[in-house]
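One structure is given below, encoded as structure tokens.
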Amino acid sequence: MSDRKPYGVNFESWIDRQIREAEERGEFDDLPGKGKPLSDLDKPHDDMWWIKQKLRSEGLSMPLPPTLALRKDAEEALAEARAARSEREARQIVEEINARIREAIRTGLSGPPLNLLPFDVERVVAEWRASH
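Heads up, the final residue of the sequence shown is numbered 441 in our numbering, and it's a clean run with no missing numbers.
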């Protein structure tokens, strides 16, 4: 590949020539995904697409701000309590997440507002009883 565009040659011709020469040398022959449709082509444009693709390919997830992570954990804990095997287990799950919520309210966490209050343990346990 040339270091600089030659004087008098427009950019499109110069780039097209470099691509054609690279194809002739076989530099594109073993690229991953060759001959396959582009993934996510029908989805709306996302400036962070390449970061999300890298995270998926590496099996990683984007870290959430602490307040959002706690909200997610609280939702999961509530679902887990509703599916608990015993009333005692449901109560323990709710009490554990409530302790984390109270601590976050007391000390504060970074990120968007928490907007989360401790769950009513007795209400969750009553719901558990009604469904079992």
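Backbone N, C-alpha and C fix where the C-beta goes; we use that ideal spot for every residue, glycine too. No experiment lies behind these values; they were computed from the predicted model shown.
Tell whether a beta-carbon distance below 8 Å holds between PRO375 and LEU418. Taking the sequence shown and counting its residues from 1, the one referred to as residue 375 is at position 66. Taking the sequence shown and counting its residues from 1, the one referred to as residue 418 is at position 109. Yes; because the gap between Cβ atoms is below 8 Å, this pair is in contact.
Please report the distance separating the alpha-carbon of ARG432 from that of GLU384. Residue numbering aside, residue 432 sits at position 123 when the sequence shown is read from its first letter. Residue numbering aside, residue 384 sits at position 75 when the sequence shown is read from its first letter. One C-alpha to the other measures close to 15 Å.
Rounded to whole angstroms, what is the Cα-Cα separation between SER348 and ARG394? Translated into the one-based positions of the sequence shown, residue 348 becomes position 39. Translated into the one-based positions of the sequence shown, residue 394 becomes position 85. Computed Cα separation, rounded: 42 Å.
Measure the C-alpha to C-alpha separation of PRO346 and GLU336 and round it to an integer number of angstroms. Counting from 1 along the sequence shown, the entry for residue 346 is found at position 37. Counting from 1 along the sequence shown, the entry for residue 336 is found at position 27. Each residue's Cα considered, the two are about 20 Å apart.
Just how far apart, CA to CA, sit LEU369 and PRO315? Position 60 of the sequence shown, counted from the first residue, corresponds to residue 369. Position 6 of the sequence shown, counted from the first residue, corresponds to residue 315. The alpha-carbon atoms of LEU369 and PRO315 are separated by roughly 44 Å.
Just to confirm before moving on: does the CB-CB distance between LEU377 and GLY420 stay below 8 Å? In the sequence shown, the residue the question calls residue 377 occupies position 68. In the sequence shown, the residue the question calls residue 420 occupies position 111. It is a contact, given that the beta carbons lie within the stated cut-off.
Local conformation of ARG394 per DSSP, three classes: The count along the sequence shown starts at 1 and reaches residue 394 at position 85. The answer is coil: DSSP assigns ARG394 none of H, G, I, E or B.
What whole-angstrom Cβ distance do LEU379 and LEU426 have, given they're in contact under 8 Å? Within the sequence shown, the letter at position 70 stands for residue 379. Within the sequence shown, the letter at position 117 stands for residue 426. Not confirmed; about 12 Å, so no contact.
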